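Chemist:
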Amino acid sequence: MQHNYQDLIQLFNQTFKETYNTVLVKGGDEPIYLPANKDCPFNQVIFAHGFYASAFHEIAHWCQAGKERRKLEDFGYWYVPDGRDESQQKKFEQVEVYPQAIEWGFNVAAKRKFTVSSDNLNGFQADTEGFKEKVYQQVLVFLAHGFPPRAQQFIEVLAEFYGTSLPLTKDMFAYQAKPEAYKESYCESV
């Protein structure tokens, strides 16, 4: 199955440009969210290098951000770049569980493999499996209580585009979260 970033730009912009004055933009080295200002009349979710995964990740942050945060550059979030020490990495992972769970939902809706990201290649090497389990537990909360509204809206758009059955179910995530619980019937349908 083809996964082109151009499709994501089109789907995102068709879904959110008019309602939220927000567009998805292919950027360069660093992803960033830029609110509308005197130089640009619309909000921009800018993802790195045309990477599909980067687009999903930045969209997930946008779906999480409330109205006031969406008025701030990069939503006013704390961020220390690659090279974080153990304490900084633990803080990073705490704030990344929620958006990465949303991102995982996007990937399942798009029939695409999801990989958690500790985003710290040159720093403290965290427990990736432990982090993945925390993200998965947040996915289970979303499945039980609902994804945030904009995330759910985008999941529905992706599912329609990629032909994924809704609602998303635990089995759709289990094959990546717990390989030993891999469901042959689901995998054949992807």
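Take the sequence shown: its position 21, counting from 1, is numbered 41 in our numbering, and each next residue is one higher. Don't be surprised by glycine CBs; every beta carbon is placed ideally from N, CA and C. Please read all numbers here as calculations on a predicted model, not as lab measurements.
(1) State the start and end residues of the unbroken alpha helix (DSSP H) segment that holds Y97.
(2) Measuring alpha carbon to alpha carbon, tell me which residue in P168, N127, T148, Y72 is nearest Y118.
(3) Less than 7 Å between C-beta atoms, sequence neighbours within five positions excluded: which residues of the same chain meet that for K91?
(4) Check the C-beta distance from K133 over to L160 and give it rounded, since I have them as a contact under 8 Å.
(5) Which of the three DSSP states, helix, strand or coil, is assigned to G143?
(6) For T148, report the span of its alpha helix (DSSP H) as first-last.
(7) Would you decide whether N57 is buried or exposed? Buried here means 16 or more other CB atoms lie within 10 Å of its CB.
(8) Less than 7 Å between the C-beta atoms of F36 and P51, yes or no?
(9) Do you know how far the Cα of A75 is from the Cα of V136?
(10) Look at the alpha carbon of N33 and the alpha carbon of T184, and state the distance between them as a whole number of angstroms.
(11) Would you say A121 and V177 are within 7 Å of each other, going by their C-beta atoms?
(12) Could you tell me the alpha carbon to alpha carbon distance between R89 and G96, rounded to whole angstroms?
(13) Hey, out of Y182, N63, P187, F112, whose CA is closest to D27's CA?
(14) Please classify C60 as buried or exposed, where buried requires at least 16 neighbouring CB atoms within 10 angstroms.
(15) Run the CB neighbour count on T42, radius 10 Å, all protein chains shown included, and call it buried at 16 or more, exposed below.
(16) Using a 10 Å radius around the Cβ and a threshold of 16 neighbouring Cβ atoms, would you call Q22 buried or exposed?
Modeler: The short version:
(1) Counting along the chain, Y97 falls outside any alpha helix (DSSP H), and DSSP gives it neither H nor E.
(2) P168
(3) P55
(4) Incorrect: roughly 19 Å between the Cβ atoms, too far for contact.
(5) The predicted position of G143 is uncertain, since its pLDDT is 44 and thus under 50; no value can be drawn from it.
(6) 148-165
(7) exposed
(8) no
(9) 14 Å
(10) 20 Å
(11) no
(12) 6 Å
(13) Y182
(14) exposed
(15) buried
(16) exposed
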